[in-house]
Structures are given as C-alpha cells and as structure tokens.
Amino acid sequence: MPACPVCALSTLDGQVCGHCLRHPPAFDHALAAFSYGFPLDRLLHAFKYAGNLALADILAEPLARIAAGHPKPDMLLPMPLHPSRLKERGFNQALEIARPIAKWLNIPLAADACRRTRDTSSQAGLKLKERRRNVRGAFACDLDLAGKIIAVLDDVMTTGATLNEISRVLKSRGAVEVSAWVVARTLPE
Ligand SMILES: [Zn+2]
C-alpha cells in the first residue's frame, strides 16, 4: 500500500503527504506494519490492556519484516512509558514489541536511553497543535547521540505528536536521523 515516506499515512501515489510538506515532523521516516482497524485493534487491545504478552511476537513480526528492508539504525528505542503508567500496566508495550525486533534484526536495544518525565498518555480529543503542545518537554535524554541513526518504536501512531517530540529531543542530543517504527498507523480524524 503506498504511503507517505515521512509519516506512513496511506497516500495514493506514495509521495510525501500535504501535512508533512506543511508541517515537517522531527522524525525523517516512518514505517507502519498496519493501518489501525479491525482486527488489529482487538489484538493490540488484548496485548496492551489485558496483558496478553504472548501477542508481542505476533505484533512485532510484520513490522520486523518491513524494517528489514530498510537501512539498519544504530539503536532501537522503545517509546518510554511514564513510571506511573508502567506501574499501572506492569510492562511497557513498546519495549515488549521492540525486544524481539531488536533480536531478529540484530539492533542494539536502547530501552533506557530516554525517560518520560510527564504523563501525557491521554491525548484523545486533542487536535494536532494541542497534542504537540501537550507533549512538549515530556521526555528527557542524557545520552550523547552525536551522529547516531535511531529508530523509535511505538505501538500506534495517531497524529505523530509524541513521536515528533521524542524525535526532537533525540536530535537535540545529536541524532542525525530518526525513524518512527509503529505497528499501526491510525487515519486522521
Ligand atoms: Zn506524511
């Protein structure tokens, strides 16, 4: 399915979409294994909220296949979860999906490279501009990433505001290229 190479949104011709042309995100590319919808939404829900961790490999495999056809990043960074969310859920869904991919593709996993300093997980109902403002300053990263190519992994990308913010922080630490790897891409409202 043709998609915008920057944000992975389905497009007719596979060209950069109008939104990315008008508001280029801080990440350079995005890969998405699926469009968000039935039955994938059910699988993700069972994985994330019912804690069916056996689904991690099933969700990770199609994304790994796509990622294998792209240049290998220096590190794979699962989207950090705020400590209060981690305590509530018991696991970071992005880390569980990133772990098998890092192993299969032989990419160093950078699970602790960044921290989430604010809990901004509830972004539903916010417009892109509000989402971008809501996540501003939500991440901290102390590593020197000079010259590094980084892939950030998340389960779902909606507007990309959170991925945009973490990518901005990674680039401020010296990363030269950031890719967003997501299991599912939602369609914009
Ligand atoms: Zn785009």
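What the sequence shown shows, in my numbering, is residues 148 to 336, in sequence order. Where a beta carbon is used, it is the ideal one built from N, C-alpha and C, also for glycine.
**Pocket of ligand 1 (residues with CB nearer than 7 angstroms to any heavy atom), chain order** = C151, V153, C154, L156, V163, C164, H166, C167
**Request:** Return the chain-ordered list of same chain residues with a C-beta closer than 7 angstroms to the C-beta of G294, the five sequence neighbours on each side being excluded.
**Result:** G321, V323
**Message:** Could you pull the DSSP bridge partners for P225 from this structure?
**Reply:** L300
**Asked** Who are R332's beta bridge partners in DSSP?
**Response** S182, M304
**Prompt:** Residues bridged to H176 by DSSP?
**Reply:** S326
**Prompt:** Mapping DSSP to helix, strand and coil, what is A203?
**Reply:** helix
**Prompt:** Of the residues D160, L228, P209, which one's Cα is nearest the Cα of S182?
**Reply:** P209
**Message:** Quick check: A298 and P220, are their CB atoms within less than 8 angstroms of each other?
**Reply:** yes
**Asked** Using a Cβ-Cβ cut-off of 6 angstroms (strictly less than) and excluding sequence neighbours within five positions of G284, which residues of its own chain qualify?
**Response** none
**Request:** Please look up how many angstroms separate the CB atoms of D160 and P172, rounded, as I've assumed it's under 8 angstroms.
**Result:** Not really, about 20 angstroms apart at Cβ, beyond 8 angstroms.
**Prompt:** When DSSP builds the beta bridges, which residues end up paired with A150?
**Reply:** S157
**Selection from A179, Q240, G184, F286 that minimises the alpha carbon distance to A203** = Q240
**Request:** Quick one: using the 10 Å Cβ neighbour count with 16 as the cut-off for buried, is T264 buried or exposed?
**Result:** exposed
**Prompt:** From this set, R236, L178, L233, which residue's C-alpha is nearest A337's C-alpha?
**Reply:** The structure shown has nothing for residue 337, since the chain only spans 148 to 336.
**Request:** Would you give the residue range spanned by the beta strand (DSSP E) that F286 belongs to?
**Result:** 286-288
**Message:** Less than 7 angstroms between C-beta atoms, sequence neighbours within five positions excluded: which residues of the same chain meet that for L273?
**Reply:** N281
**Item:** Short Cβ contact (8 angstroms threshold) for M222 with P255
**Value:** yes
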